[in-house]
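Okay, structure first, notes after.
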Amino acid sequence: MRFRAESRSLGARSLDDEAPALRSRSFLMLLVATLGAFSGFVLLLPVVPLWAVEAGTSEVAAGATTGVFMLVTVLTQLGMPWLLRRFDHRLALGLGTFLIGVPAPLFALAAELWALLAVSGLRGVGFGLLTVTGSALVAELVPAPQRGRAAGLYGLAVGLPNAILLPVGVWLAEHMGFVPLFWIAGVLPIAAAIAVAGIAPARNHAARDGVARDEVARDGTDHPETGRGRNFPVGLLPPWLVMTAVSIVAGGVIAFLPLAVVSSIAPVALLAFGMATTGCRWLAGQVGDRFGSQAVLLPSVLMAVLGMAAVAVAAAGPAIVAVPGALVLGGGFGAVQNATLVLMFERARSGPASTAWNVAYDAGNGIGATGFGVLIGVVDYPATFSLAAVLVLCSVPFALLRSSTRAKARTGASP
1 MRFRAESRSL GARSLDDEAP ALRSRSFLML LVATLGAFSG FVLLLPVVPL WAVEAGTSEV
61 AAGATTGVFM LVTVLTQLGM PWLLRRFDHR LALGLGTFLI GVPAPLFALA AELWALLAVS
121 GLRGVGFGLL TVTGSALVAE LVPAPQRGRA AGLYGLAVGL PNAILLPVGV WLAEHMGFVP
181 LFWIAGVLPI AAAIAVAGIA PARNHAARDG VARDEVARDG TDHPETGRGR NFPVGLLPPW
241 LVMTAVSIVA GGVIAFLPLA VVSSIAPVAL LAFGMATTGC RWLAGQVGDR FGSQAVLLPS
301 VLMAVLGMAA VAVAAAGPAI VAVPGALVLG GGFGAVQNAT LVLMFERARS GPASTAWNVA
361 YDAGNGIGAT GFGVLIGVVD YPATFSLAAV LVLCSVPFAL LRSSTRAKAR TGASP
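Counting from 1, one number per residue, gives the positions in the sequence shown under the UniProt record's numbering.
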């Protein structure tokens, strides 16, 4: 009860006294850079495979362009804790946005598969730098009591391009041509890289608000002196498992919902999923700063279970159920994103925490798309979607686990 009262007090104080941090030039420039970089990424996400087929490759080879991009992204993310300990976060963010944008026009010259894969891999390095550094800067630039709202605003900068520009990229390729689109997708991240110059050196809120060094070492969350647990602190495991489980399910649904329900329902369901994900990621930040992200996590997971169960019902019978099911699933997915990210920032330094979260997101999406395909080949869509709901349900115990150092880190944060 004492912890809850302190959390509410801190939440109220952050809403009244610390809001200027969310309006600082550095944080706003982070949002601008993120919005521009993700816009360039999302515009080409469905277009590059189309361009590969246009160039004469098979559908399997075309899909490999996305596969290589995501593989290189995850491999880059795994090296980010080492990189962020040695280089300024702003340098890594600027390089990431630069590498997403500059290679994009090269797709116009890439007529062979090896060239398409090379350009995709280079952009994957940039995306790995962008995703980890961007979310790490949320913790570096914003003190802990407002971090839920900061993560929510960051989620809007990430989510709005995904919700709006995925279909726009395909439409532009069909009506304007591939080559002009490649240039547009290159210019947007380069402009975003310029915005990075407006980010001031981080005030290191993550270190100041984090758990004291001796307490962390005893808890096993991080070991700054020995390096043990530095890349994946033990305290990150519960929220990481929750995020991974829900990401697997989301990746599978995005890939296979259009094949599981009638074509007139699938686009509406996916739109509902995307908008709910973006909106609830922001809303979870508002609620999390007031009541604590731990309080947000369990209801979010249960939302995802309920939504996935409804999607399974839609695959077996009334397809229209897919729309509210995807809406609830997307809402749970978005809220889980916010809650797990903030909880990870409370349990470890920003570099390892951001790396772990982004690997859970990207690897989970990839595993979901692949794993759902295997399961569907063995059973069917309703059974696969039902098993996915069970997978998320199995993560509930981890959503209930609290770090023994979390409350100290939160209540010890500087105003």
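A virtual CB, placed ideally from N, CA and C, is assigned to each residue, including glycine.
Note that this is a predicted model, so its numbers are computed, not measured.
query, result
"Can the beta-carbon of Ile190 be found less than 8 Å from the beta-carbon of Gly101?", "yes"
"Since Leu166 is in the alpha helix (DSSP H), which residue starts that stretch and which ends it?", "Arg147 to His175"
"Quick check on DSSP: helix, strand or coil for Ser395?", "coil"
"Can you tell me the Cα-Cα spacing of Leu375 and Thr355, whole angstroms?", "29 Å"
"Would you mind reading off the limits of the alpha helix (DSSP H) that contains residue 428?", "Here the chain covers residues 1 to 415 and nothing more, so residue 428 does not appear."
"So Asp289 is in the alpha helix (DSSP H); what residue range does that whole segment cover?", "Ala266 to Phe291"
"Give the straight-line distance between the Cα atoms of Leu389 and Ala200, rounded to the nearest whole angstrom.", "First, the amino acid is wrong: residue 389 is Ala here, not Leu. Taking the straight line joining both Cα atoms gives about 43 Å."
"Can you give me the C-alpha to C-alpha distance between Val32 and Ala245, rounded to a whole angstrom?", "30 Å"
"Would Gly285 and Gly373 qualify as a contact pair, given that the criterion is a beta-carbon distance under 8 Å?", "no"
"Grouping DSSP H, G and I as helix and E and B as strand, with all else coil, what is Arg90?", "helix"
"In whole angstroms, what separates the C-alpha of Met80 from that of Gly351?", "7 Å"
"Thinking just about the alpha-carbon of each residue, which of Val321, Ile248 and Leu343 is nearest to the one in Phe333?", "Ile248"
"Do Gly252 and Gly368 have their C-beta atoms closer together than 8 Å?", "yes"
"What first and last residue would you give for the alpha helix (DSSP H) that runs through Val342?", "Ala322 to Arg347"
"So, helix, strand or coil for Gly317, using DSSP?", "coil"
"Do three or more CB pairs link the region 152-162 to the region 36-46 at distances below 8 Å?", "yes"
"Whole angstroms is fine: what's the gap from Pro239's alpha carbon to Phe69's?", "26 Å"
"Kindly indicate the opening and closing residues of the alpha helix (DSSP H) around Thr34.", "Arg25 to Leu44"
"Helix, strand or coil for Arg85 per DSSP?", "helix"
"Between Ala61 and the rest of its own chain, which residues show a CB-CB distance below 7 Å, the 5 nearest in sequence each way excluded?", "Ala52 and Leu113"
"Buried or exposed: Met29, going by 16 or more other Cβ atoms within 10 Å of its Cβ?", "buried"
"Which same chain residues end up closer than 6 Å to Tyr154 when comparing Cβ atoms and leaving out the 5 residues on each side of it in sequence?", "Val138"
"In whole angstroms, give me the CA-to-CA distance for Ala399 and Leu298.", "6 Å"
"Taking Cβ positions, are Phe182 and Ala108 nearer each other than 8 Å?", "yes"
"Exposed or buried, what is His175 when buried is set at 16 or more other beta-carbons lying within 10 Å of its beta-carbon?", "exposed"
"Please report how far the alpha carbon of Val396 lies from the alpha carbon of Thr34, in whole angstroms.", "31 Å"
"When you compare only the Cα positions, how much space is there between Val242 and Val305?", "12 Å"
"Which residues mark the beginning and the end of the alpha helix (DSSP H) in which Ser120 is found?", "Leu113 to Leu141"
"So, helix, strand or coil for Gly235, using DSSP?", "helix"
"What do you reckon, are the CB atoms on Ser300 and Val323 nearer than 8 Å?", "no"
"Tell me whether Leu10 is buried or exposed, calling it buried when 16 or more other Cβ atoms sit within 10 Å of its Cβ.", "Residue placement at Leu10 is poorly supported in this model, since its pLDDT is 45, which falls under 50; the coordinates still yield a value, given next. Flag for Leu10 reads buried."
"Just tell me which of Val392, Ala260, Leu50 and Ser386 has its CA closest to the CA of residue 460.", "With the chain represented from 1 up to 415, any question about residue 460 goes unanswered, as that position is not in the structure."
"Would Val311 and Leu257 qualify as a contact pair, given that the criterion is a beta-carbon distance under 8 Å?", "yes"
"State the Cα-Cα distance for the pair Gly96 and Pro318, rounded to the nearest angstrom.", "44 Å"
"If we count the other Cβ atoms within 10 Å of its Cβ and call it buried at 16 or more, is Pro267 buried or exposed?", "exposed"
"Buried or exposed for Val342, going by 16 or more other Cβ atoms inside 10 Å?", "buried"
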